[in-house]
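> Encoded as structure tokens, here's the structure I'll be asking about.
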Amino acid sequence: MAQEVKVADTIRHLNIVQGAADKMLEPAIDTYGEQKTGMILSAFDRKTGKPLTKLPQAPNDIRWSERTGPGCSNANLQQDLYRTLYELFRLTGHKRYDEASGKAVADFLRIAQHPTMGLLAWGWGEHLYWYCLEDRLVDHDPGQTHEQKPPKDPMFDQAARM
0 MAQEVKVADT IRHLNIVQGA ADKMLEPAID TYGEQKTGMI LSAFDRKTGK PLTKLPQAPN
60 DIRWSERTGP GCSNANLQQD LYRTLYELFR LTGHKRYDEA SGKAVADFLR IAQHPTMGLL
120 AWGWGEHLYW YCLEDRLVDH DPGQTHEQKP PKDPMFDQAA RM
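Okay, structure coming up:
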């Protein structure tokens, strides 16, 4: 009996995650600006499916530099999203999840390099992101914030398959 409950809960949770991913993927893929990419918007209006032009009020204790900008794709903050999409592919066999996360990572690696240094924007913290609406890299806290994230596998193997 307990095993049946665990299986039912697992299936219910998988359906919730899969439903959220399905609702998000189409409107969140970067089709904005002149350069269309596979990058996934970090924030968008769930009702309209459009990119946010202004961020809502931040919760207490969240620093400005910890927020991503509106209309952006921030691969640094989205690593867990990419992993979730890959796991959905692994669990369901639906290639759209693997393709979406792989293309997002591959396009980020191809496009989002710092214009001066040529370094990837990946490990530079949440303040540096690709602004999908204008096809450019943005640092909303220039010269003020530099913070490495804990080491994570940036899914280069997934990007290599794309």
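Be aware that the sequence shown starts at 0, since it is given in numbering that gives the first Met the number 0, and climbs by one per residue. For glycine and all other residues, C-beta sits at the position ideal for the given N, C-alpha and C.
Under the three-state reduction of DSSP, which class applies to residue 61: helix, strand or coil?
DSSP places residue 61 in coil when its eight states are reduced to three.
> Roughly how many angstroms separate the alpha carbons of residue 131 and residue 10, rounded to a whole number?
Looking at the two C-alpha atoms, the distance is approximately 35 Å.
> Tell me where the beta strand (DSSP E) around residue 138 begins and ends.
Looking at the DSSP string, the run of the beta strand (DSSP E) that includes residue 138 is 135 to 138.
> Select from 128, 19, 22 the residue whose C-alpha is nearest the C-alpha of residue 106.
Nearest of 128, 19, 22 to residue 106, Cα basis: 128.
> Can you name the start and end residues of the beta strand (DSSP E) that residue 31 belongs to?
Taken as a continuous stretch (DSSP letters only), residue 31 belongs to no beta strand (DSSP E), as it is neither H nor E.
> Examine the Cβ distances between the stretch 79 to 90 and the stretch 12 to 21 and report whether three or more of them are shorter than 8 Å.
Result yes; three or more Cβ-Cβ pairs closer than 8 Å.
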